[in-house]
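One structure below.
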Amino acid sequence: MAMKYRGTPYKDIAEKLTERFSKEVSRGFSDQTIKDWFKLGGTLHEDYRTYETEIDEVERENLIIIKKMGARIREENFRIANEMLVALIGSENDNVKLGAIRELLDRVEGKPKEAISVDDKRPSYEEMIRQLEREEEEYKKRNENEDD
Numbered sequence: 006m007a008m009k010y011r012g013t014p015y016k017d018i019a020e021k022l023t024e025r026f027s028k029e030v031s032r033g034f035s036d037q038t039i040k041d042w043f044k045l046g047g048t049l050h051e052d053y054r055t056y057e058t059e060i061d062e063v064e065r066e067n068l069i070i071i072k073k074m075g076a077r078i079r080e081e082n083f084r085i086a087n088e089m090l091v092a093l094i095g096s097e098n099d100n101v102k103l104g105a106i107r108e109l110l111d112r113v114e115g116k117p118k119e120a121i122s123v124d125d126k127r128p129s130y131e132e133m134i135r136q137l138e139r140e141e142e143e144y145k146k147r148n149e150n151e152d153d
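With the working numbering applied, the sequence shown corresponds to residues 6 to 153, in that order.
Here is the structure:
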């Protein structure tokens with residue numbers, strides 16, 4: 006029954022049974038004999054249906070257990086990984102800190118969809134402040150000239 010359940014062809018089942026019981030059975034087993042045993046009304050039909058139902062239930066239970074175990078393992082690994090990342094944030098090395106922070110942010114917020122490039126031609130903040138101060142001075146001078 007186990008061979009049929011696993012999908013072994015009738016011919017292979019017949020060959021294995023012939024091999025196993027060659028001393029007891031003179032002619033051996035044909036694949037048609039095996040088919041007849043399992044067909045509706047056959048010698049093994051009802052027993053096979055019971056076997057199939059029981060094995061299916063065991064397989065379902067095993068699958069549920071495996072899924073639960075997998076979920077626990079993933080949760081534990083995730084917890085350990087997060088603890089390690091938090092520990093790395095306390096590192097002396099700034100690159101290690103940055104990498105850990107980036108990883109945590111990516112996990113919580115998701116990775117950025119597009120890269121942000123910094124253009125070297127952009128003015129620095131100091132240059133921007135100086136430019137604004139110059140513009141402010143020019144504005145004041147214009148207003149003073151208009152008042153005169």
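A virtual CB, placed ideally from N, CA and C, is assigned to each residue, including glycine.
Where residue i sits in the DSSP three-state scheme
i           : result
residue 101 : helix
residue 83  : helix
residue 133 : helix
residue 88  : helix
residue 30  : coil
residue 118 : coil
residue 75  : helix
residue 126 : coil
9 Å Cβ cutoff met for residue i and residue j
i           : j          : result
residue 1   : residue 19 : Since the first residue of the chain shown is 6 and the last is 153, residue 1 is not available in this structure.
residue 110 : residue 94 : no
residue 57  : residue 15 : no
residue 8   : residue 21 : yes
residue 112 : residue 87 : yes
residue 76  : residue 90 : no
Check: residue i C-beta below 8 Å from any heavy atom of the ligand NAD
i          : result
residue 98 : Ligands are entirely absent from the displayed structure, and the ligand NAD is therefore not among its contents.
Span of the alpha helix (DSSP H) around residue i
i         : result
residue 1 : With the chain covering 6 to 153 only, the question about residue 1 has no answer from this structure.
residue 9 : 7-10
Neighbourhood of residue i by C-beta distance below 8 Å, restricted to the same chain and skipping five residues each side
i           : result
residue 52  : 6
residue 128 : 136
Sequence-distant residues of its chain with Cβ nearer than 7 Å to residue i (five each side left out)
i          : result
residue 47 : 41
Nonlocal neighbours in the same chain, by C-beta distance under 6 Å from residue i, ignoring five residues either side
i           : result
residue 101 : 93
Run through the region 33-65 for me and flag every whole alpha helix (DSSP H) of 4 or more residues, listed as ranges in chain order. If only uninterrupted alpha helix (DSSP H) runs of at least 4 residues are considered, those enclosed by the region 33-65 are 36-43.
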